[in-house]
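Novice:
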Amino acid sequence: MVNLNVDIAGLKLKNPVTTASGTFGFGEEFEDFIDLNKLGGIFVKGLTLHNREGNDYPRMAETPSGMLNAVGLQNKGIDYFLNTIYPRIKKWDTEIFPNINGSVVEDYVAVAEKLVGVEGINGLELNISCPNVKEGGMAFGVSCPSAIAVTKAVRDVYDKPIIVKLSPNVTDITEIAKGVEGAGADSVSLVNTLLGMAIDAATKKPVLSTITGGLSGPAIKPVALRMVWQVYNAVKIPIVGMGGIMNGTDAIEFMLAGSTAIQVGTANFIDPQISIKIIDEIEAYCINNGITDVNELIGGLIT
Amino acid sequence: MVNLNVDIAGLKLKNPVTTASGTFGFGEEFEDFIDLNKLGGIFVKGLTLHNREGNDYPRMAETPSGMLNAVGLQNKGIDYFLNTIYPRIKKWDTEIFPNINGSVVEDYVAVAEKLVGVEGINGLELNISCPNVKEGGMAFGVSCPSAIAVTKAVRDVYDKPIIVKLSPNVTDITEIAKGVEGAGADSVSLVNTLLGMAIDAATKKPVLSTITGGLSGPAIKPVALRMVWQVYNAVKIPIVGMGGIMNGTDAIEFMLAGSTAIQVGTANFIDPQISIKIIDEIEAYCINNGITDVNELIGGLIT
Amino acid sequence: MKRVQDFTVIETQWLNSTSYLLVLGSQSNIEEIRPGNFAEIKVPDAADVFLRRPISVYDVDHQNNTISFYIKAIGKGTIKLGALDNGSKVDIVYPLGNSFNSIESGNALIIGGGSGIAPFTLLAEELKEKNSKVTYLFGARTSEDIVLQDEFAKHGNVLVTTEDGSLGEKGLVTQHSVFNNITDFDIIYTCGPDPMMKAVSKIAESNDIVCEASLENMMACGFGACLCCVTPTVRGNECVCTEGPVFNSKDLKW
Amino acid sequence: MKRVQDFTVIETQWLNSTSYLLVLGSQSNIEEIRPGNFAEIKVPDAADVFLRRPISVYDVDHQNNTISFYIKAIGKGTIKLGALDNGSKVDIVYPLGNSFNSIESGNALIIGGGSGIAPFTLLAEELKEKNSKVTYLFGARTSEDIVLQDEFAKHGNVLVTTEDGSLGEKGLVTQHSVFNNITDFDIIYTCGPDPMMKAVSKIAESNDIVCEASLENMMACGFGACLCCVTPTVRGNECVCTEGPVFNSKDLKW
Ligand SMILES: Cc1cc2nc3c(=O)[nH]c(=O)nc-3n(C[C@H](O)[C@H](O)[C@H](O)COP(=O)(O)OP(=O)(O)OC[C@H]3O[C@@H](n4cnc5c(N)ncnc54)[C@H](O)[C@@H]3O)c2cc1C
Ligand SMILES: Cc1cc2nc3c(=O)[nH]c(=O)nc-3n(C[C@H](O)[C@H](O)[C@H](O)COP(=O)(O)OP(=O)(O)OC[C@H]3O[C@@H](n4cnc5c(N)ncnc54)[C@H](O)[C@@H]3O)c2cc1C
Ligand SMILES: Cc1cc2nc3c(=O)[nH]c(=O)nc-3n(C[C@H](O)[C@H](O)[C@H](O)COP(=O)(O)O)c2cc1C
Ligand SMILES: Cc1cc2nc3c(=O)[nH]c(=O)nc-3n(C[C@H](O)[C@H](O)[C@H](O)COP(=O)(O)O)c2cc1C
Ligand code: FES
Ligand code: FES
Chain C
1 MVNLNVDIAG
11 LKLKNPVTTA
21 SGTFGFGEEF
31 EDFIDLNKLG
41 GIFVKGLTLH
51 NREGNDYPRM
61 AETPSGMLNA
71 VGLQNKGIDY
81 FLNTIYPRIK
91 KWDTEIFPNI
101 NGSVVEDYVA
111 VAEKLVGVEG
121 INGLELNISC
131 PNVKEGGMAF
141 GVSCPSAIAV
151 TKAVRDVYDK
161 PIIVKLSPNV
171 TDITEIAKGV
181 EGAGADSVSL
191 VNTLLGMAID
201 AATKKPVLST
211 ITGGLSGPAI
221 KPVALRMVWQ
231 VYNAVKIPIV
241 GMGGIMNGTD
251 AIEFMLAGST
261 AIQVGTANFI
271 DPQISIKIID
281 EIEAYCINNG
291 ITDVNELIGG
301 LIT
Chain X
1001 MVNLNVDIAG
1011 LKLKNPVTTA
1021 SGTFGFGEEF
1031 EDFIDLNKLG
1041 GIFVKGLTLH
1051 NREGNDYPRM
1061 AETPSGMLNA
1071 VGLQNKGIDY
1081 FLNTIYPRIK
1091 KWDTEIFPNI
1101 NGSVVEDYVA
1111 VAEKLVGVEG
1121 INGLELNISC
1131 PNVKEGGMAF
1141 GVSCPSAIAV
1151 TKAVRDVYDK
1161 PIIVKLSPNV
1171 TDITEIAKGV
1181 EGAGADSVSL
1191 VNTLLGMAID
1201 AATKKPVLST
1211 ITGGLSGPAI
1221 KPVALRMVWQ
1231 VYNAVKIPIV
1241 GMGGIMNGTD
1251 AIEFMLAGST
1261 AIQVGTANFI
1271 DPQISIKIID
1281 EIEAYCINNG
1291 ITDVNELIGG
1301 LIT
Chain H
2001 MKRVQDFTVI
2011 ETQWLNSTSY
2021 LLVLGSQSNI
2031 EEIRPGNFAE
2041 IKVPDAADVF
2051 LRRPISVYDV
2061 DHQNNTISFY
2071 IKAIGKGTIK
2081 LGALDNGSKV
2091 DIVYPLGNSF
2101 NSIESGNALI
2111 IGGGSGIAPF
2121 TLLAEELKEK
2131 NSKVTYLFGA
2141 RTSEDIVLQD
2151 EFAKHGNVLV
2161 TTEDGSLGEK
2171 GLVTQHSVFN
2181 NITDFDIIYT
2191 CGPDPMMKAV
2201 SKIAESNDIV
2211 CEASLENMMA
2221 CGFGACLCCV
2231 TPTVRGNECV
2241 CTEGPVFNSK
2251 DLKW
Chain D
3001 MKRVQDFTVI
3011 ETQWLNSTSY
3021 LLVLGSQSNI
3031 EEIRPGNFAE
3041 IKVPDAADVF
3051 LRRPISVYDV
3061 DHQNNTISFY
3071 IKAIGKGTIK
3081 LGALDNGSKV
3091 DIVYPLGNSF
3101 NSIESGNALI
3111 IGGGSGIAPF
3121 TLLAEELKEK
3131 NSKVTYLFGA
3141 RTSEDIVLQD
3151 EFAKHGNVLV
3161 TTEDGSLGEK
3171 GLVTQHSVFN
3181 NITDFDIIYT
3191 CGPDPMMKAV
3201 SKIAESNDIV
3211 CEASLENMMA
3221 CGFGACLCCV
3231 TPTVRGNECV
3241 CTEGPVFNSK
3251 DLKW
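Residue numbers (the numbering used here), protein chains in the order written: chain C, 1 to 303; chain X, 1001 to 1303; chain H, 2001 to 2254; chain D, 3001 to 3254.
1) Within a Cβ cutoff of 6 Å, which residues of the same chain sit near H/M2219, ignoring the five residues on either side of it in sequence?
2) By the 7 Å beta-carbon criterion, what residues does the stretch 3043 to 3054 of chain D contribute toward chain H?
3) Compute the distance between the beta-carbons of X/V1164 and X/S1187, then report whether it is under 9 Å.
4) Using the beta-carbon of each residue, which ones in chain H are nearer than 7 Å to C/S65?
5) Taking C-alpha atoms, which residue in X/G1241, X/N1099 and X/I1148 lies nearest to X/L1126?
6) Could you give the distance in angstroms between the alpha-carbon of C/L301 and the alpha-carbon of X/N1132?
7) Could you compute how far the alpha carbon of D/L3215 sits from the alpha carbon of C/L4?
8) With respect to 8 Å, is the separation between the Cβ of H/V2240 and the closest non-hydrogen atom of ligand 5 below this value?
9) Check C/L47 in the structure and name its three-state DSSP category.
10) Quick check on X/I1089: buried or exposed, where buried means 16 or more other Cβ atoms within 10 Å of its Cβ?
11) Listed from N- to C-terminal order along the chain, which residues in the stretch 163 to 186 of chain C have their beta-carbon within a distance smaller than 7 Å of any beta-carbon of chain X?
12) In whole angstroms, what is the alpha-carbon distance linking D/G3077 and D/E3129?
13) Could you check how far apart the C-beta atoms of D/V3036 and D/L3123 are, in whole angstroms? I think they sit under 8 Å.
14) Given a cut-off of 9 Å on the beta-carbon distance, is the pair C/I211 and X/W1229 in contact?
15) For the stretch 196 to 220 of chain C, enumerate the residues whose C-beta is nearer than 7 Å to any C-beta of chain H, in chain order.
16) Taking only beta-carbon atoms, is D/L3227 less than 9 Å away from chain X?
17) Opposite H/Y2020 in the DSSP bridges: which residues?
18) State the start and end residues of the unbroken alpha helix (DSSP H) segment that holds C/A110.
19) What residues of chain C sit near H/M2001, judged by a beta carbon separation below 8 Å?
20) Given a limit of 7 Å on CB to CB distance, which residues of the stretch 3143 to 3164 of chain D reach chain X?
21) Please classify X/S1189: does DSSP put it in a helix, a strand, or coil?
22) Could you tell me the boundaries of the alpha helix (DSSP H) in which C/E181 lies?
23) Is H/M2319 close to ligand 2? I mean its beta-carbon at under 8 Å from any heavy atom of the ligand.
24) CB-CB under 6 Å to H/R2034, same chain, minus the five flanking residues each way: which ones, in chain order?
25) Just the Cα atoms here: how many angstroms apart are C/N169 and C/V142?
26) Following a CB-centred definition, is X/V1286 positioned closer than 8 Å to any heavy atom of ligand 6?
27) State yes or no: is the beta carbon of X/G1025 nearer than 9 Å to at least one beta carbon in chain D?
28) Please list, in chain order, the residues of the stretch 122 to 148 of chain C that have any C-beta partner in chain X closer than 7 Å.
29) Taking 8 Å as the threshold, find out whether the stretch 226 to 245 of chain C comes into contact with the stretch 1230 to 1243 of chain X through three or more Cβ pairs.
30) Measure the alpha-carbon distance for D/E3031 versus D/P3095 and round it to whole angstroms.
31) Report all residues from its chain with a CB closer than 7 Å to the CB of H/R2052; omit the five preceding and five following residues, and keep chain order.
32) CA-CA distance, C/M138 and H/D2145?
33) Quick check on this structure: which residue in D/F3038, D/Q3175 and D/I3010 has the alpha carbon closest to the alpha carbon of D/G3082?
34) Counting only Cβ pairs nearer than 7 Å, list the residues of chain H close to C/F269.
35) How many angstroms separate the CA atom of H/F2138 from the CA atom of H/V2160?
36) Tell me whether D/A3118, by its Cβ, gets closer than 8 Å to a heavy atom of ligand 2.
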């Protein structure tokens, strides 16, 4: 028997495998494919204070071993989530993490305030790294003072675990990680997408309506893994690692680099059952390697 | 007939296709495979003032649609290059660009000084973005003041075209590009490799002796293309674009994004004849699209 | 219920130089398929195809557990699917999307162009069961592009336009003489290139005929998880993979 | 001269559950190959194999324009190469690397382990032509792993060790009784896992016997362009793909 429980700032997950915001809808989309109760947690689609229509189509471009997206936080707003969606999905025996977004600090705070006291929601992900919105989003995540400011402001109103989602589009991610740790973040999740671009040579036009978009998938795994390792060596709070995880081996690598839990993102599009397979593969790896507690893997890289 | 000549700071290349430093040896390695005289230029393996043994083996890891390297600028030093290698390779009717490196500004200057007046060498690439050396290298390329300082210092001693090679591992590449433009760079080349990492889950060890290394190949193309586009919109000097170019279409995309010339890197390992094929494919694209001068492509993205 | 299912290639039957039927068979039962539903097909082990490819279901045989797709080979993925050997393993996620609303005892015009003929055998079968009459109108550049006529002829009258006049009437679909008596029809179903579908819906709307259009937006997932495939509608941006692919043309703001 | 050449798979002949001979044929002539030379093989259209794979030339037939490789299926690329259908296209970059120095009228011991038996038919043929005597010593975990014995027996005496004693002497290669009279040999050639080659060279050096070891470092290019494949030598870090793969063991600082 392998212990798969992990702990994010006092919050116990039944296993380290969660699903990444924006790649798993609100979970319901996967109900036909898998037993959602088996997941360590679900990070739901990015939420904002008000309804957002997102960016124009086309929002997607396939790239070598990856994809660009420019969804731009399309969602019906936090109230719709709490009144209409959450009541449907709270039945699952897994942690539901709202992923909150804003253009200004006040927006983040307003969304966080709405989550205070909501039964069954035991933590939130503060997204300061969305590359697909004009104002706010990634701007917060690429400057240390603004990352600190928004984290502090949300911390002031929200007392359950805050996981701050970091941008990889920075010179030194450890600086931002340390900043938000100091500002009261309970955990950091990384990485969000890398800012990229695709061009259609035949039409001479950008593929995305927004010209640039966020790169995800296995293409970014080496960069994500490096950043997890750097942040692991810089902060004390737990890390939720992601970026191109496609199978159990990838997940193990992220844990060895220092992740306490991991998020499965783009892989869900290609195999909607992959998150559950990854749980099984992590367990099998532990058994094969005589590991009785998955926590032994965290930061276990031998250097 | 399509005009394929392009101009980098007054230096005419017979076509926009050059080969990237560190992926093409000193050209000789490709003599059996292609007619080197057909290339627009060759950026030779990174040179330093003195002999360097580079990093320990293993120096390479395959990644999804890419690879990590940690060569660490192994080379026999600038004098060996000038006395032994250059005399052998200068016969080719193509531009030979030394790629110069240092741990401190004085090293760069010393190497550049040795290139002053060398017949047939009409420009150099100033590499401030090597992620694989402990001191110097990328450190110069991720801070604006130091990028400016090293560019200015080399500019002071070297009067032919200087192409400054930028690092993608920064929050805002346009800031560095504008900085080196102001400091006297005639051109910028981008991108160098993204800092990444690979782990072997079976051994729990990093794959590279240096833990982290530089990511290249098609995986990074979307990021590279975005940076070329950003820099194109920020500076007036010509851009030499690269990052995952595997075929003519990729090269066209880099030109549309704003590259005057392009460098073929990792692709050379997989198909040692690819650089010449890319020249042919660019020409074919121009013919098919009624383009009589390849310069029309530069920055031709329709937004 | 949506599921991931393993199939084996039974055959790839090339119809002309650019299109083929891909017939897949399974050991287990095939889910119920409604006309207009599509599948997300995984292109097996292809170096440069990362995502699945959305393809409408062309036909299904619940007796023999086979499902088939009409595919135009336009790029990396569709070319590779067409080159699979018989016996190759392919897995698909299906059934996805909504479906056409087939009318009862009415007169239906089905207009297809390009790969947009795929969903229309299943639709016509259902229409016939409901005692509706089916007329097909297919448009293409040249006669070479017109395929599967015999199949479609089983379900209804087949009209054709080609741009070069090599088969049927010369011109674009919307120039076909059937439009002279367009009010004979109770509904128009259309699938194909956006410009064609827009032109068709315009005519339908101006004649107060219901028009259902099946869209082919680029998709990353195909089941509502990514929000990449949206089209603007009167209700805001909606996912083509879940709210569509079939839309009432009046709801579309394209 | 090094070149990129297109080949067709003539057969993949599996020898046991983990290794096979890959036989490739070409329309045009095959370049001259020296014993120890290798090729960089492109694994065709594999989603997760980006770089070529370096593989020693096992045999070459200039009459019929075929070249063959002995390959152990240890990972993504080598498994896929072994699953290619006859007739598949494969291109290779070759001939790469240096070669063994075959001695004249001497007594040679050839020690191989794992995939490190591949270069030794060509070497033995050349040794025989030069009137040298060949003794093979192959080490493996178990008898299952010992393949191609008949082929090698054509060129010399074949000795075997297995770790489980299921064939030949029990133990590691370096424990074989042939080492009791090791000074009978003028030269030792070895290829296989590093620990084995190190142990062999140590014995050779302490007995003043020349030892040539063929290394299998990880490579990105295979022809000196990337500097990824280095091994430390008395002359500094040297590329295994150009200065090697064959090194005099005395030059290696491993
Ligand atoms: C719901 C739905 C049902 C479909 N049904 C069918 C069908 O039954 N038969 C059929 O042949 N095709 C169908 N398509 C279209 C099919 O999905 C695309 O042709 C296919 O994905 C192209 O993949 P590829 O790898 O061959 O092309 P790629 O190499 O990926 O692309 C080639 C070119 O086509 C463009 N392109 C690719 N996909 C799309 C798209 N979805 N929309 C617009 N442009 C695109 C690319 O931008 C590129 O320029 C359907 C699409 C959808 C969304
Ligand atoms: C000059 C040379 C000659 C060779 N000759 C032969 C030969 O004749 N027959 C043969 O079967 N093999 C030979 N090899 C080894 C062969 O290149 C590797 O086994 C092969 O590249 C593995 O590819 P893969 O995709 O199957 O494994 P991967 O999936 O890439 O890797 C599987 C595992 O093997 C490790 N690995 C991969 N390549 C190497 C390597 N080169 N050295 C050490 N570990 C590695 C990886 O780190 C990984 O853990 C030779 C290697 C060299 C350098
Ligand atoms: C289509 C799409 C939409 C996304 N939307 C969000 C979002 O709303 N909020 C967020 O924090 N991250 C979002 N992301 C980023 C992912 O959560 C994740 O950080 C990223 O995709 C890297 O992981 P991956 O490579 O496993 O996909 C989105 C990613 C994709 C592909
Ligand atoms: C093995 C290897 C060695 C490299 N060495 C150098 C170098 O010495 N100097 C340099 O400026 N860039 C070096 N680079 C970076 C390349 O020149 C190029 O910037 C990078 O690989 C991105 O292009 P690509 O994706 O086409 O390979 C090296 C890259 C590789 C893969
Ligand atoms: S394709 Fe993902 S939501 Fe429609
Ligand atoms: S493998 Fe590239 S230099 Fe040896």
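Built from N, CA and C at the ideal position, the CB exists for glycine as well.
Specialist: Let me spell this out:
1) Closer than 6 Å at the Cβ level, and outside the excluded window around H/M2219, lie P2054, C2229 and C2241.
2) The residues in question are D3045, A3046 and A3047.
3) Against a cut-off of 9 Å, the Cβ pair of X/S1187 and X/V1164 comes out as a contact.
4) The answer, in chain order, is F2050.
5) Out of X/G1241, X/N1099 and X/I1148, X/N1099 has the C-alpha closest to the C-alpha of X/L1126.
6) 20 Å
7) For D/L3215 and C/L4, the distance between alpha carbons rounds to 41 Å.
8) Ligand 5 has a heavy atom closer than 8 Å to the beta-carbon of H/V2240.
9) strand
10) Counting other Cβ atoms within 10 Å of its Cβ, X/I1089 reaches 16 or more and is therefore classed as buried.
11) Cβ contacts with chain X: N169, V170 and T171.
12) Their backbone Cα atoms lie some 35 Å apart in a straight line.
13) Val is not the amino acid found at residue 3036 of chain D; the sequence shown has Gly there. Contact between D/G3036 and D/L3123 holds: CB atoms are separated by about 7 Å, below the 8 Å threshold.
14) yes
15) G217
16) yes
17) Beta-bridge pairing by DSSP links H/Y2020 to H/W2014 and H/I2071.
18) V105 to L115
19) D32
20) none
21) X/S1189: strand per DSSP, three-state reduction.
22) I173 to G182
23) This structure cannot settle anything about residue 2319 of chain H, because the visible part of chain H is limited to 2001 through 2254.
24) S2099
25) 7 Å
26) A quick correction: the sequence has Cys, not Val, at residue 1286 of chain X. Outside the cutoff, so no.
27) yes
28) V142
29) no
30) It is roughly 7 Å from the alpha-carbon of D/E3031 to the alpha-carbon of D/P3095.
31) Apart from sequence neighbours up to five positions away, the residues of its chain that approach H/R2052 with a beta-carbon distance below 7 Å are E2040, I2041, K2042, V2093 and G2222, ordered along the chain.
32) Linking C/M138 to H/D2145 through their CA atoms gives a straight-line distance of about 48 Å.
33) D/I3010
34) L2051, A2220, C2221, A2225 and C2226
35) As the crow flies, the alpha-carbon of H/F2138 is around 5 Å from that of H/V2160.
36) yes
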